[in-house]
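Worksheet: one structure, shown below.
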Amino acid sequence: MVLEQRPRIHHRADPGGDPARRIDLSRSPAGTQTVTLRLRIASLALGYALVTGAATSALSQPQENVAADIAAGAWLVYQHNFVTDEGRVVDNRAGGISHSESQGYGMLMAEAADDRTSFDKIWAWTRANLFVREDGLAAWRWDPAQIPPITDRNNATDGDLLIAWALMRGGQRWSDPALQREARRISLAIAERAIIETRHGLVLLPGVQGFGPNEQSDGPVVNMSYWIFPALMDLGRLSDRFPARDLMNSGLTLVRDSRFGPARLPADWLSLSGQVPQPAIGYPSQFGYDAIRVPLYLAWYSRDYPDILEIFATHWKQFGKASMSVVELATATRLSPMPDPGYQAVAALVECSLGRRPDVALLSDFSSQDYYPSTLHVLSLMAIAERYPTCLTDFP
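Below, the structure is given as structure tokens:
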């Protein structure tokens, strides 16, 4: 069964109020109402340090600690907006559903914030509600409005990778071998069920069903945003049966070979049936909400690929903030805009990876956003905190 395409994310209108500090703590049950917040990032860092007792002043700490507190402060906001008391991470723009990606993202953020309580809640909900398949992978979609709530039992391989990676990181942070064992189990299930050999090398299928060479007319079909580069390398350390190096090589090659149209950007969905990758039939030929994660994950992994990352930075700088949009590949026509701060944060991360100082506003505007751009925002802050902490030391 083919995974549904990611819903388009629409910009949430600014509801008004003090633009420097506005917090509405009203919240409906099950986390369905998004908290409206605009807070300077330096205040998030200081607030997290004070809440946790980590320091008397976050800004007096070394650069790495300040960067970590900034990302952790963003997690506090994200958690209030999208995580229920039971540990379900809610995609508010998709009708309040949850999916394996949202759960994996939530676990990653909780681990990065050293929030073991929230991590355990999210993992417990995920294990109880999504790990219902017999092959050790998670079902993709859970809808509270449906009975039964699992509405797509196919896996989403990026969701499985995110969950396994979060478990591995959690096991390392908290010296918990049980989490490490779970991470290894899931990563080996991915290796067995969701990785195939192609003329382009070993590749990740987006899901076990629906994407193989005999399941689509131009199959296999892949999605480059499922190559979570730092996760692949980390999971490869758990077992030599997880082909991390082969996947890294195929991913980097495919990204380099998948530069389409005048903008030279990758497509959300790729066909690998031919000698060279092409935009997949049956999907919009565009750089959109999936492919924007390609530079995020690559910059998170390493600064060593400027030939790839500069393509994205150059495109985004052409029109300033207005250039953040879905792009039709054949003509480089900008389609629906991506105005939310979370998308701008990805551009800022790429600038950091290229050794440049990003526009502070691209990161510090944590105003009201929906689930997906909020997720990208926190992930970008995490990546900068882990790889480029000096990029986060000049906030006013």
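All residue numbers for the sequence shown refer to UniProt numbering, where the first residue is 1 and numbers rise by one.
Where is the CB? At the ideal position from N, CA and C, for every residue including glycine.
Quantities reported herein were computed from a predicted structural model and do not represent experimental measurements.
So residue i and residue j are in contact, right, with Cβ under 8 Å, and what is the actual spacing, rounded?
i: P279; j: S285; result: 4 Å
i: residue 443; j: T157; result: Since the first residue of the chain shown is 1 and the last is 396, residue 443 is not available in this structure.
i: G170; j: I122; result: Not quite, the Cβ-Cβ distance comes to about 10 Å (not below 8 Å), so this is no contact.
i: V90; j: Y371; result: 7 Å
i: V208; j: L130; result: Wrong, their Cβ atoms sit about 14 Å apart, outside the cutoff.
i: D114; j: R181; result: 21 Å between Cβ atoms; not a contact.
i: F211; j: G219; result: 6 Å
With DSSP run on the structure shown, which of helix, strand or coil describes residue i?
i: residue 403; result: Outside the shown range of the chain, which is 1 to 396, sits residue 403, and nothing can be said about it.
i: D24; result: Because the pLDDT of D24 is 29, which lies under 50, any placement of that residue in the model is unreliable, and the number read from its coordinates should be weighed accordingly. DSSP places D24 in coil when its eight states are reduced to three.
i: A385; result: helix
i: E215; result: coil
i: P230; result: helix
i: F119; result: helix
i: L76; result: helix
i: H377; result: helix
i: R88; result: coil
i: R241; result: coil
i: P341; result: helix
i: D257; result: helix
i: R334; result: strand
i: I292; result: coil
i: F319; result: coil
i: S250; result: helix
i: residue 405; result: Any question about residue 405 goes unanswered here, given that the chain covers just 1 to 396.
i: Q172; result: helix
i: L309; result: helix
i: L167; result: helix
i: L354; result: coil
i: R303; result: coil
i: D370; result: coil
i: D359; result: coil
i: D114; result: coil
i: residue 407; result: The question about residue 407 has no answer, for the chain in this structure spans 1 to 396.
Taking 9 Å as the cut-off, decide whether the C-beta atoms of residue i and residue j are in contact.
i: I150; j: A164; result: no
i: S247; j: W227; result: The sequence shown places Leu at residue 247, not Ser. Going by C-beta atoms, L247 is nearer than 9 Å to W227.
i: Q369; j: P337; result: no
i: I292; j: V346; result: yes
i: G104; j: L188; result: no
i: N154; j: S374; result: no
i: P243; j: I196; result: no
i: A110; j: A71; result: no
i: H315; j: A348; result: no
i: L108; j: L379; result: yes
i: L298; j: Y305; result: yes
i: L265; j: V327; result: yes
i: R241; j: A191; result: yes
i: P389; j: A68; result: yes
i: G106; j: Q79; result: yes
i: L329; j: G251; result: no
i: R387; j: R303; result: yes
i: M128; j: W75; result: This sequence places Ala at residue 128; Met is not what is there. Result no, Cβ atoms of A128 and W75 do not sit closer than 9 Å.
i: G282; j: Q344; result: no
i: S175; j: W142; result: no
i: Y301; j: P213; result: no
Can you find a CB in chain B that lies within less than 9 Å of the CB of residue i?
i: E328; result: Reference to chain B is not applicable here, since this structure consists of a single protein chain.
State buried or exposed for residue i, treating a residue as buried only when at least 16 other CB atoms are found within 10 Å of its CB.
i: A145; result: exposed
i: S325; result: buried
i: E134; result: exposed
i: V276; result: exposed
i: D24; result: For D24, the predicted structure reports a pLDDT of 29, less than 50, and the residue's modelled location is therefore unreliable. A value from the coordinates is still provided. It is exposed - the Cβ of D24 has fewer than 16 other Cβ atoms within 10 Å.
i: Q318; result: exposed
i: D307; result: exposed
i: L37; result: Here L37 scores only 42 on pLDDT, less than 50, and its place in the model is too uncertain to base an answer on.
i: D234; result: buried
i: P206; result: buried
i: G288; result: buried
Based on the DSSP output, what are the partners of residue i in its beta bridges?
i: L202; result: E197
i: H99; result: R141
i: E182; result: According to DSSP, which records beta bridges pairwise, E182 is partnered with nothing at all.
i: residue 421; result: Because residue 421 is not part of the residues shown, which for the chain are 1 to 396, the question remains open.
i: F287; result: V327
i: V222; result: L270
i: P279; result: L270
i: L265; result: F260
i: V83; result: V89
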